[in-house]
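The sequence shown runs 4 to 280 under my numbering.
One structure is given below, encoded as structure tokens.
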Amino acid sequence: MSALDAAEVTAAGSAAPVYVSSPDGPWDSVQSRFCSAGRVIVHTTWGAWAPAALLDPELRQTLGQDWPRYRQFPGTGQRLGFAASRYLMKYTVAAALEIPVQTIDFTFRPGGRPGVRGWDELSLSLAHTDEMLLVGVSGTGPIGVDVERADRPVPFELMGEEVCTPVEAERLKAMPEERQRAELLRLWTLKEAYTKALGYGLRHSFSRVGFEEGADGRTRLAAPAPDADAWTFGTHRVQDLYLVSEAHRGPLPGPAADLSAAAGAAAVGDEGARDRG
4 MSALDAAEVT AAGSAAPVYV SSPDGPWDSV QSRFCSAGRV IVHTTWGAWA
54 PAALLDPELR QTLGQDWPRY RQFPGTGQRL GFAASRYLMK YTVAAALEIP
104 VQTIDFTFRP GGRPGVRGWD ELSLSLAHTD EMLLVGVSGT GPIGVDVERA
154 DRPVPFELMG EEVCTPVEAE RLKAMPEERQ RAELLRLWTL KEAYTKALGY
204 GLRHSFSRVG FEEGADGRTR LAAPAPDADA WTFGTHRVQD LYLVSEAHRG
254 PLPGPAADLS AAAGAAAVGD EGARDRG
């Protein structure tokens, strides 16, 4: 077992991301995962999706309000990367909710976090690095995802204090160098995913967020942390080259969200808009 494998932890209830090769699918696993778990993470490469976007005669319609932003990118590669990321989000949401892609309109909340108009209970998170594109969709509470190359150099001497709490730093200091690097990278992706789920992103200091391993092997927020028991974390190796981490906060006490009701409200709103149009 390599040092990176030894450092990799998969939390109970956190399933491995689903690979989707193109807008044509396959989407059955995405629909099944979302239906059973209330959330799903999809990964792909932007190079696999960019041609579909480029050749789509309805590109402008599919991008919707993102079309002006798409046009602002100066280079073809940047445009295609942006289009691929938006296509992946739209097609994943459409597959999860089983609705037409053309009916999806993104909104952006404070801090730039994406949402879907008419589906207030739906949480989205997008991450990318190199060729990898990753999107998380949750109907059962906030979700955050992050991805980094598993071989990315993250020297503890330079980044340890920035990423780790004092307790984590002491734990890592006792590790062999390769395992230390792998564990630091795992913590980095977990904290990135967690702060994305909170809606903070890089505005939140990672050294103020601590993780620990429970007796059951699950990754948990270190005390004191609000709603610690409501959070689920997981880290997975993807395409044997990338490290993907997920943070998800389950439903808090109170009435459960009814996505079918939200769908009905959205449909009524769309019909009303057409009637007024």
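Cβ coordinates follow ideal geometry from the N, Cα and C atoms, glycine included.
Checklist entry - Of the residues Asp230, Gly220, Thr65 and Pro227, which one's Cα is nearest the Cα of glycine 237? => result Gly220
Checklist entry - By Cβ distance below 8 angstroms, which residues in the same chain neighbour proline 258 in space, the five residues on each side in sequence not counted? => result The pLDDT assigned to proline 258 is 47, lower than 50, so where the model puts this residue is not dependable; a value taken from the coordinates is nonetheless given after this. Excluding positions up to five away in sequence, the list is empty.
Checklist entry - Cα separation between tryptophan 52 and arginine 42? => result Using only the alpha carbons, I get a separation of about 22 angstroms.
Checklist entry - Given that a residue counts as buried once 16 or more other Cβ atoms are within 10 Å of its Cβ, and exposed if not, what is glutamate 79? => result Before going on, a small fix: residue 79 reads as threonine here, not glutamate. Counting Cβ neighbours within 10 Å, threonine 79 comes out exposed, since fewer than 16 surround it.
Next on the checklist: Going by DSSP, what residue range makes up the alpha helix (DSSP H) through alanine 130?
Outcome noted: Segment 126-132 is the beta strand (DSSP E) holding alanine 130; no alpha helix (DSSP H) there.
Checklist entry - serine 248 lies in the beta strand (DSSP E); which residues open and close that run? => result Run containing serine 248: 245-252, per the beta strand (DSSP E) assignment.
Checklist entry - What are the boundary residues of the beta strand (DSSP E) that methionine 178 is part of? => result Run containing methionine 178: none; DSSP gives neither H nor E here.
Item to check | Cβ-based burial, glycine 84 [other Cβ within 10 Å; buried from 16] | outcome: Buried: at least 16 other Cβ atoms inside 10 Å.
Next on the checklist: Strictly by DSSP, which residues pair up with isoleucine 102?
Outcome noted: BP columns for isoleucine 102 are empty, so no partner.
Checklist entry - So what does DSSP say about proline 158, is it helix, strand or coil? => result coil
Item to check | Reduced DSSP category for proline 258 - H, G, I as helix; E, B as strand; rest coil | outcome: With a pLDDT of only 47 at proline 258, under the threshold of 50, the placement of this residue in the model should not be trusted; the figure read from the coordinates follows. In the structure shown, proline 258 sits in coil (DSSP, three-state: anything other than H, G, I, E or B).
Next on the checklist: Going by DSSP, what residue range makes up the beta strand (DSSP E) through leucine 136?
Outcome noted: Segment 135-141, the beta strand (DSSP E) holding leucine 136.
Checklist entry - Can you tell me whether valine 212 is buried or exposed, with buried defined as 16 or more other CB within 10 angstroms of its CB? => result buried
Next on the checklist: Taking DSSP's pairing of strands, which residues face isoleucine 44 in a bridge?
Outcome noted: Bridge partners of isoleucine 44 according to DSSP: Gly139.
Next on the checklist: Taking the straight line between their C-alpha atoms, what separation do you get for tryptophan 49 and alanine 250?
Outcome noted: 23 angstroms
Checklist entry - What's the call for cysteine 38, buried or exposed, on a 16-neighbour Cβ count within 10 Å? => result exposed
Item to check | Pairwise C-alpha distance: methionine 92 and glycine 67 | outcome: 13 angstroms
Next on the checklist: For alanine 87 and leucine 136, which I take to be in contact (beta-carbon distance under 8 angstroms), what is that distance rounded to the nearest angstrom?
Outcome noted: Right, their Cβ atoms sit about 6 angstroms apart.
Checklist entry - For arginine 63, which option in Tyr90, Val45 and Pro77 has the closest C-alpha, if you only look at C-alpha atoms? => result Tyr90
Checklist entry - Hey, quick one: how far does the alpha helix (DSSP H) through arginine 221 stretch, first residue to last? => result Judged by DSSP secondary structure, arginine 221 falls outside any alpha helix (DSSP H); it is assigned neither H nor E.
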